[in-house]
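Engineer:
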Amino acid sequence: MQFPLFKDQTTHDTNYHQEDRKNTLRDILSSDLDFVDNINVNSRHYWHSFPAKFPPQLPALFIKYLTNNDAVILDPMMGSGTTLIEAGILGRKSFGIDIDPLAILNANAKIKNIDKRKVEAYLNSIVINSIKRCNDEPPILENHLTERFDSPTLEFIDYWFSKRIQLELMSLLLEIEKIIDDDIRNILYSVFSSIIITKSGGVSLAMDLAHTRPHRVNDKKVKSAITEFSLRTRKIVSTNNNELKKCAIIIEGDAKNIPFRNEIADLIITSPPYANNAIDYMRAHKFSLVWLGYKITDLKEIRKKYIGAESRIDINFEEYPEIIREKITLIDKVNNKKSYAFQRYCYELLHAIKEMHRVLKRDSPCILVVASSKICGIDVETHTCLTEIGRMIGFEIVGIGKRIINRNRRMMPYSKEKSKSKIEDRMHQEYVIGFWKD
Ligand SMILES: C[S@@+](CC[C@H](N)C(=O)[O-])C[C@H]1O[C@@H](n2cnc3c(N)ncnc32)[C@H](O)[C@@H]1O
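Under this note's numbering, the first residue of the sequence shown carries the number 127, and numbering increases by one thereafter.
Take a look at the structure:
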């Protein structure tokens, strides 16, 4: 997509006047942000499914027109790493943070340039050896399964994966673990995960991993895990992945406590989770994380740390923006538990936005992409709540853009609200908030 009105800042080396950059931000926010076509999108973005991803063109737009080659870009809730990949393509250094172990694994796999011939060579031996193990050594593979996983984790695996698939996945894992090259091992772990985490539950017996509570289908026709793994890896090596010009650094951490000194980022672009845990990342991600060494009990603890998770924390909101107080009062009349959850969500995002303000350089933009949610039938206007939090912290509001997202293209929360038409069911609006730190 071309935006001839904006000046590409890639090689800009003098001080681009602050007011000009603010005006550019204002113009971008009022331009068409729907990105209906996917032309020239780097195939890395599609290696692994992830809920509520950015369209890659969105971060690219802000990076290209608001920063130059020396800039540092930060996404403190980076999810699948869309911002980092686009920063790499445009030759900017970037940092990504996330609390979700699968987000960390996938983003790490995607931000490196790959040696395709090496991956192919590894793939060939993985496939041959895995098939051989499954044919010749089922009892040995069974032993690996019982020795490797504790009983709650094994119970989970037994419930959600057929015996045949368990043996195939175990044999693939034993082969991937042998790889010494960290980058290639990471990519192959990510491919391994991608054959499980799909909307239809991949090689597991689960259906609807993306939207609803997954349910088990005993007679689900499950394809061979080894074949799926091979096909997906081949697809990755055969597609064009544009070389990344600059590296990214990924940190497993909490956006409420960014491990950086003050004023290091030239641009922050990020999208927080939906309010009230509308997308339960861990519910789907645990299907592959158990295989990658996480105990089911540990995953329950990690789940409590996501912004807006359901568990109780100490909330000390000294001063709510008016709109948040109003929404909480409205929800509280219907459901006390849900009003608490929304309070926690806003409180945690207040801390995250404070951290963003701290690590952002002066005269720099911070972009927050967020969709609204309905809680107990009440539109909580998440974008307005977060805009007011930003204002309270000291950001100037340069503008708020709107974009339509297509439910068919993106994994989104399951909607219980009845809508007027099938088209409306698939379409959804989100907001692009443009903050500025003076
Ligand atoms: C809407 S997704 C981001 C998607 C991302 N823009 C992309 O393109 O893939 C929100 C992300 O926030 C992360 N998250 C939730 N709580 C967090 C926290 N306390 N610190 C950092 N990340 C968190 C989730 O794990 C999830 O990956």
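Glycine included, every Cβ here is placed at the ideal spot set by N, Cα and C.
1. In angstroms with no decimal places, state the Cα-to-Cα distance between valine 348 and tyrosine 471.
2. For a quick check, are the C-beta atoms of asparagine 232 and histidine 171 less than 8 Å apart?
3. Measuring straight from C-alpha to C-alpha, what distance separates histidine 143 and serine 414?
4. Could you check the C-alpha separation between phenylalanine 561 and serine 156 for me, to the nearest Å?
5. Would you say phenylalanine 180 touches ligand 1, meaning its beta carbon is less than 7 Å from a heavy atom?
6. In chain order, what residues of the same chain have a beta carbon less than 6 Å from the beta carbon of serine 220, not counting five sequence neighbours either side?
7. CA-CA distance, alanine 332 and lysine 421?
8. Among Gln469, Asp224 and Leu418, whose alpha-carbon lies nearest the alpha-carbon of asparagine 442?
9. Taking only three categories from DSSP, how would you classify methionine 203?
10. Locate the beta strand (DSSP E) running through cysteine 492, then write down its first and last residues.
11. Report the option in Phe176, Ile493, Asn195 and Tyr191 whose CA atom is closest to the CA atom of serine 206.
12. Can you confirm whether the stretch 177-185 touches the stretch 311-322 when touching is taken to mean that 3 or more C-beta pairs between the two stretches lie within less than 8 Å?
13. Taking only runs that begin and end inside the stretch 270-351, name each unbroken beta strand (DSSP E) of 3 or more residues, in chain order.
14. Provide the residue span of the beta strand (DSSP E) that contains asparagine 208, from first to last.
15. Got a sec? Which residues, its chain only, sit under 8 Å from glutamate 354 by beta carbon, not counting five neighbours each side?
16. Under the three-state reduction of DSSP, which class applies to serine 465: helix, strand or coil?
17. I want to check one thing, is the minimum distance from the CB of phenylalanine 468 to the heavy atoms of ligand 1 below 7 Å?
18. Only counting the same chain, and skipping five residues up and downstream in sequence, which positions put a Cβ closer than 8 Å to that of isoleucine 515?
19. Note down, in chain order, each residue of its chain lying with its Cβ closer than 6 Å to the Cβ of isoleucine 549, except the 5 sequence neighbours on either side.
20. Check whether the stretch 284-302 touches the stretch 257-270, taking contact to mean three or more Cβ pairs, one atom from each stretch, closer than 8 Å.
21. With burial defined as no fewer than 16 other Cβ atoms inside 10 Å of the residue's Cβ, what is the status of alanine 247: buried or exposed?
22. Kindly indicate the opening and closing residues of the alpha helix (DSSP H) around valine 460.
23. Taking just the CA atoms, how far does isoleucine 531 sit from aspartate 241?
24. Less than 7 Å between C-beta atoms, sequence neighbours within five positions excluded: which residues of the same chain meet that for cysteine 492?
25. Using CA coordinates, which residue listed in Pro182, Asp309 and Pro227 is at the minimum distance from valine 245?
26. Would you check if the stretch 272-286 and the stretch 404-419 touch, i.e. whether three or more CB-CB distances between them fall below 8 Å?
27. Can you give the Cα-Cα distance for isoleucine 384 and methionine 203, rounded to whole angstroms?
28. Cα-Cα, which of Glu452, Leu249 and Glu389 is closest to arginine 358?
29. Less than 6 Å between C-beta atoms, sequence neighbours within five positions excluded: which residues of the same chain meet that for threonine 279?
30. Bridge partners for leucine 486 per DSSP, in chain order?
31. Which residues in the same chain as cysteine 260 place their Cβ atom closer than 8 Å to its Cβ, once the five residues preceding and following it in sequence are excluded?
32. According to the neighbour-count rule (16 or more other Cβ atoms, all chains shown, within 10 Å of its Cβ), is serine 437 buried or exposed?
33. Using 8 Å for Cβ pairs, my map puts glycine 434 next to asparagine 462. What's the rounded Cβ distance?
34. Could you check the C-alpha separation between lysine 236 and isoleucine 257 for me, to the nearest Å?
Structural biologist: Straight from the coordinates:
1. Answer to the nearest angstrom: the Cα atoms are 38 Å apart.
2. Inclusion of asparagine 232 and histidine 171 in the CB contact set at 8 Å is not warranted, their separation being larger than that value.
3. 48 Å
4. 14 Å
5. yes
6. Ile199, Leu210, Ala213 and Ala374
7. 19 Å
8. Gln469
9. Under the three-state reduction of DSSP output, methionine 203 falls in the coil class, being neither helix nor strand.
10. Its beta strand (DSSP E) spans residues 490-497.
11. Phe176
12. no
13. none
14. The sequence given here has threonine at residue 208, not asparagine. Not the beta strand (DSSP E): threonine 208 falls in the alpha helix (DSSP H), residues 208-215.
15. For glutamate 354, where only same-chain residues beyond five positions count, the Cβ hits under 8 Å are Ile321, Gly328 and Val329.
16. helix
17. no
18. Pro447, Ile450, Cys472, Leu475, Leu476 and Ile479
19. Residue placement at isoleucine 549 is poorly supported in this model, since its pLDDT is 42, which falls under 50; the coordinates still yield a value, given next. Excluding sequence neighbours, isoleucine 549 sits near nothing in its chain.
20. yes
21. exposed
22. Run containing valine 460: 448-460, per the alpha helix (DSSP H) assignment.
23. 34 Å
24. Ile394, Met482, Leu486, Phe521, Phe561 and Lys563
25. Asp309
26. yes
27. 10 Å
28. Leu249
29. Val416, Lys421 and Ile422
30. Ala391
31. Leu267, Leu293, Glu294, Ser297 and Ile352
32. exposed
33. That belief does not hold up - the Cβ atoms of glycine 434 and asparagine 462 are roughly 16 Å apart, past 8 Å.
34. 27 Å
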